[in-house]
Amino acid sequence: MIPYIEKIELDKGKSFFVGTYSSKYFERSWHYHHEFELLLITKGYGTRVIGDNTSKFAVGDLVLIGGNIPHAWFSDPVFFEKDNNETCESVYLQFDRSIFGTRFAGLPEMKSIQTLLNAAKFGLRYAPKNESVEIMNLICDFPSYSGVDRLLNLIKILDLFEKGHWDPIVSKAYFDSIFVTKSVRIKKVHEYVMNNYMEDVSVQKAAELSEMNVSSFCRFFKKVTHKTFSQFVKETRIDFAQQLLINTSLTSNQVGFECGFSSVAYFNQCFKAISGVSPLEYRANYKKV
1 MIPYIEKIEL
11 DKGKSFFVGT
21 YSSKYFERSW
31 HYHHEFELLL
41 ITKGYGTRVI
51 GDNTSKFAVG
61 DLVLIGGNIP
71 HAWFSDPVFF
81 EKDNNETCES
91 VYLQFDRSIF
101 GTRFAGLPEM
111 KSIQTLLNAA
121 KFGLRYAPKN
131 ESVEIMNLIC
141 DFPSYSGVDR
151 LLNLIKILDL
161 FEKGHWDPIV
171 SKAYFDSIFV
181 TKSVRIKKVH
191 EYVMNNYMED
201 VSVQKAAELS
211 EMNVSSFCRF
221 FKKVTHKTFS
231 QFVKETRIDF
241 AQQLLINTSL
251 TSNQVGFECG
261 FSSVAYFNQC
271 FKAISGVSPL
281 EYRANYKKV
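If you're matching positions, the sequence shown starts at 1 in full-length UniProt numbering and goes up one per residue.
Here's what the structure looks like:
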């Protein structure tokens with residue numbers, strides 16, 4: 001079964017999509033999209049398939065799915081019978097991580113939500129030890145929200161989800177197979193960057209490892225990863241820089257050089273563009289948490 005890509009169309013004046021589904025049964029639609037999806041089952045039961053995981057679902061089933069993970073909900077056979085009077089309903093939110101903005105997302109108060117969104121790459125099933133009526137009510141009422149209440153309640157829902165108990169859905173092996181090692185070529189390039197980010201990373205070398213010329217490699221890399229090779233290298237270096245700022249006493253300038261930046265000014269520029277704050281602000285914000 002090959003999933004199809006779904007393009008999320010936003011209504012004018014809206015930064016993310018909120019939808020409700022109501023039908024005699026859930027469509028057998030195996031698909032994926034680049035956005036996160038938070039979905040709550042309000043009526044119906046059956047089997048859901050997310051990545052390599054197949055599980056039963058019923059009313060109250062709540063999941064948060066990261067971008068590009070194939071998923072589908074299949075109603076039980078009873079819903080397809082002619083005399084069936086039951087219905088299937090859900091409320092779902094689809095949003096891109098960018099709606100929070102890099103600076104806002106980098107605030108200490110957003111740390112728990114960033115942790116949740118990072119974990120959502122495996123898909124998450126909300127499984128609180130105690131029944132949580134508040135998060136269910138917020139989601140059910142979401143279609144009635146407008147203006148800034150939409151964004152505020154999305155943050156509130158994600159915060160409640162993170163504070164509750166949740167379980168990963170897809171296996172690490174599956175995640176690696178479709179993201180980290182989507183192809184042998186991408187795996188080789190990934191390992192090359194990880195092992196050489198402290199030094200000069202050459203697109204020519206990456207192209208050679210992929211057995212392509214530079215122009216073909218650049219087109220291939222962007223098609224697979226949705227980012228340019230140079231952007232991937234910068235993000236990798238900044239990821240390591242963040243860890244050094246948190247876990248070592250190296251100065252900001254030293255961190256930049258350790259992560260392959262030959263210019264302090266360029267390091268600061270890249271760090272702020274990706275993290276939303278300067279290296280020193282990032283370290284200070286983390287210490288406040």
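By construction, the Cβ of each residue, glycine as well, lies at the ideal position given by its N, Cα and C atoms. Being a predicted model, the structure only gives us computed values, none of them experimental.
Item                                                                                                                                                                  : Value
In this structure, how does DSSP classify LEU62 when only helix, strand and coil are distinguished?                                                                   : strand
Quick check: is the beta carbon of CYS270 nearer than 7 Å to any beta carbon in chain D?                                                                              : In the structure shown, chain D does not exist; there is a single protein chain.
Let's test the definition: count the other Cβ atoms within 10 Å of the Cβ of GLY101 and tell me whether it reaches 16, buried, or not, exposed.                       : exposed
Would VAL63 pass as a contact of ARG125 if the rule is Cβ separation under 7 Å?                                                                                       : yes
With a threshold of 7 Å on Cβ separation, who are the neighbours of ASN253 within its own chain once the five nearest residues in sequence on each side are excluded? : VAL264
Between THR181 and PHE57, what straight-line distance do the alpha-carbon atoms span, to the nearest angstrom?                                                        : With a pLDDT of only 46 at THR181, under 50, the local geometry of the prediction cannot be trusted, and the value read off the model is given with reservation. Rounded to the nearest angstrom, the two C-alpha atoms are 30 Å apart.
When the Cβ atoms of the stretch 108-120 are set against those of the stretch 48-55, are three or more pairs found closer than 8 Å?                                   : no
DSSP has ASP167 in a bridge; who is on the other side?                                                                                                                : ARG125
Using CA atoms only, rank isn't needed, just tell me which of TYR197, VAL214 and ASN195 is closest to GLN204.                                                         : VAL214
Is the stretch 255-272 touching the stretch 226-245, taking contact as three or more C-beta pairs under 8 Å?                                                          : yes
Going by CA-CA distance only, name the one from GLY51, TYR45 and THR251 that's closest to ASP67.                                                                      : Here residue 67 is Gly; the residue named in the question, Asp, does not match the sequence. Closest by alpha carbon: GLY51.
Would the stretch 70-79 count as touching the stretch 28-47 if we require 3 or more Cβ pairs under 8 Å?                                                               : yes
Need the endpoints of the alpha helix (DSSP H) that VAL277 sits in, please.                                                                                           : Segment: none, VAL277 is in no alpha helix (DSSP H) and carries neither H nor E.
In chain order, what residues of the same chain have a beta carbon less than 7 Å from the beta carbon of ASN84, not counting five sequence neighbours either side?    : LYS24 and VAL78
To which residues of the same chain is HIS165 closer than 6 Å at the C-beta, ignoring the five residues directly before and after it?                                 : ALA127, PRO128 and LYS129
Should MET1 be labelled buried (16 or more other beta-carbon atoms within 10 Å of its own) or exposed?                                                                : Residue placement at MET1 is flagged as unreliable, the pLDDT there being 49, under the threshold of 50; a coordinate-derived value is accordingly withheld.
Under the three-state reduction of DSSP, which class applies to ASN285: helix, strand or coil?                                                                        : helix
Can you name the start and end residues of the beta strand (DSSP E) that THR248 belongs to?                                                                           : No beta strand (DSSP E) contains THR248, which DSSP labels as neither H nor E.
Ends of the beta strand (DSSP E) at ALA105?                                                                                                                           : Unbroken run through ALA105 is the alpha helix (DSSP H), 102-105; no beta strand (DSSP E).
Does ASN53 come out as helix, strand or coil in the three-state DSSP assignment?                                                                                      : strand
Identify whether ARG97 lies in helix, strand or coil by the three-state DSSP scheme.                                                                                  : helix
So, helix, strand or coil for THR87, using DSSP?                                                                                                                      : coil
Counting Cβ pairs closer than 8 Å, one from the stretch 7-17 and one from the stretch 130-140, do we hit at least three?                                              : no
How many Å lie between PHE16 and GLN94 at the Cα?                                                                                                                     : 6 Å
Comparing alpha-carbon positions, which option in LYS7, LEU152 and MET198 lies nearest HIS31?                                                                         : LYS7
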